[in-house]
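Notes for the one structure printed next.
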Amino acid sequence: MSEQTICYFCGFSSDKLFKVVTKLSKTLDTSTFAYRVACPKCIEEKDLQENIVGDA
Amino acid sequence: MSKKVLIPIEYTFITQRTIEYALSLAQQDDYEIYLFRVANPKVVGRSVRRDTLSNALERAMDSMDRLLMRAIVEVSKEGELDLAQVGAIHKRFSVGDLVTEILKMAGNISSDMILMGVPSREDPDYEKGQYNFTGSAIGDLVDKAPCSVYVRKTFDETFILL
Numbered sequence: 008m009s010e011q012t013i014c015y016f017c018g019f020s021s022d023k024l025f026k027v028v029t030k031l032s033k034t035l036d037t038s039t040f041a042y043r044v045a046c047p048k049c050i051e052e053k054d055l056q057e058n059i060v061g062d063a
Numbered sequence: 287m288s289k290k291v292l293i294p295i296e297y298t299f300i301t302q303r304t305i306e307y308a309l310s311l312a313q314q315d316d317y318e319i320y321l322f323r324v325a326n327p328k329v330v331g332r333s334v335r336r337d338t339l340s341n342a343l344e345r346a347m348d349s350m351d352r353l354l355m356r357a358i359v360e361v362s363k364e365g366e367l368d369l370a371q372v373g374a375i376h377k378r379f380s381v382g383d384l385v386t387e388i389l390k391m392a393g394n395i396s397s398d399m400i401l402m403g404v405p406s407r408e409d410p411d412y413e414k415g416q417y418n419f420t421g422s423a424i425g426d427l428v429d430k431a432p433c434s435v436y437v438r439k440t441f442d443e444t445f446i447l448l
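Going down the list, the protein sequences come from chains A and B. First residue of the first sequence: 8, per our numbering; consecutive thereafter. First residue of the second sequence: 287, per our numbering; consecutive thereafter.
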């Protein structure tokens, strides 16, 4: 697990962060994915609940 | 040279499990994954709304991404999945006869294997009828495919080489 303590999306620092899977490429025919660390607020805003892999 | 795995997509749980298997395969060795959705020509354009081909394409791409995302999340929960190792996953979409389109795509990309997830009778997806991979379609595919065809059924962890 990553030891990052800052949300990738908003830069918010918190002790309660989650590891999520996000899509990287925006092209129609190819998909690449990466793990990111996100705070609960961004998870809710970006509708990432289903993408949570575990605690960061 | 990387091996190419073609996965015909249906929006069923067993297809998601098949993608999960392909992801773990892609981690261990050099594999390229091709997700392929074939739409029925009778369904595309039939709707009263402006259900054009491009709409169908975008919907299929979105659905494949969601399926893929769920598979990645599941594999990640089981253990550490290195996404950098897996790399790009291709998506393809076509309209036409299921078997013909799969065969054409397998030839076009020089596929090394076709992985298919087929719902068993006990599977809720089977009862809902949300699948097109019938016995005759698979039989036809196995007969004419230019590569190996592996079929996996729900509740059975093994892939059967046909």
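Each residue gets a CB set at the ideal place from its N, CA and C atoms; glycine is no exception.
Environment of residue i [buried if 16+ CB atoms lie within 10 Å]
i: G421 of chain B; result: exposed
i: P327 of chain B; result: exposed
i: N58 of chain A; result: buried
i: T12 of chain A; result: exposed
i: V334 of chain B; result: The predicted position of V334 of chain B is uncertain, since its pLDDT is 42 and thus under 50; a value taken from the coordinates is nonetheless stated next. Classification for V334 of chain B: exposed.
i: C49 of chain A; result: buried
i: P410 of chain B; result: exposed
i: F25 of chain A; result: buried
i: K430 of chain B; result: exposed
8 Å Cβ cutoff, residue i in contact with chain D
i: A374 of chain B; result: Among the protein chains in the structure shown, which are A and B, there is no chain D.
Minimum Cβ-Cβ distance from residue i to chain A less than 8 Å
i: S288 of chain B; result: no
i: D316 of chain B; result: no
i: S340 of chain B; result: no
i: L481 of chain B; result: Residue 481 of chain B lies beyond the stretch modelled for chain B, which goes from 287 to 448, so this question has no answer here.
i: I295 of chain B; result: no
i: S380 of chain B; result: no
i: K414 of chain B; result: no
Chain B contact for residue i (CB, 8 Å cutoff)
i: C61 of chain A; result: Here residue 61 of chain A turns out to be Gly, not Cys, going by the sequence shown. Yes, because at least one Cβ of chain B sits closer than 8 Å to the Cβ of G61 of chain A.
i: N58 of chain A; result: yes
i: D36 of chain A; result: yes
i: F16 of chain A; result: no
CB contact flag (residue i, residue j, <8 Å)
i: L427 of chain B; j: V385 of chain B; result: yes
i: R303 of chain B; j: G403 of chain B; result: yes
i: I305 of chain B; j: L353 of chain B; result: yes
i: I319 of chain B; j: V291 of chain B; result: yes
i: C433 of chain B; j: S397 of chain B; result: yes
Boundaries of the beta strand (DSSP E) in which residue i is found, first to last residue
i: I293 of chain B; result: 289-294
i: E318 of chain B; result: 317-325
i: S422 of chain B; result: Looking at the DSSP string, S422 of chain B is not in any beta strand (DSSP E); the run it does join, the alpha helix (DSSP H), is 421-430.
i: F40 of chain A; result: 40-45
i: L311 of chain B; result: Not the beta strand (DSSP E): L311 of chain B falls in the alpha helix (DSSP H), residues 299-314.
i: R378 of chain B; result: 375-381
N-terminal and C-terminal residue of the alpha helix (DSSP H) that residue i is part of
i: A63 of chain A; result: Segment: none, A63 of chain A is in no alpha helix (DSSP H) and carries neither H nor E.
i: Y412 of chain B; result: 410-414
Under 9 Å, CB to CB, which of the residues in the region 347-358 of chain B have a partner in chain A?
M347, M350, D351, R352, L354, M355, R356, I358
When Cβ atoms are compared, which residues of the region 18-34 of chain A fall closer than 7 Å to chain B?
V28, K30
Closer than 9 Å between beta carbons: that is the criterion. Which residues of the region 38-53 of chain A meet it against chain B?
S38, T39, F40, A41, Y42
Residues of the region 432-447 of chain B whose Cβ lies closer than 9 Å to any Cβ of chain A, in chain order:
none
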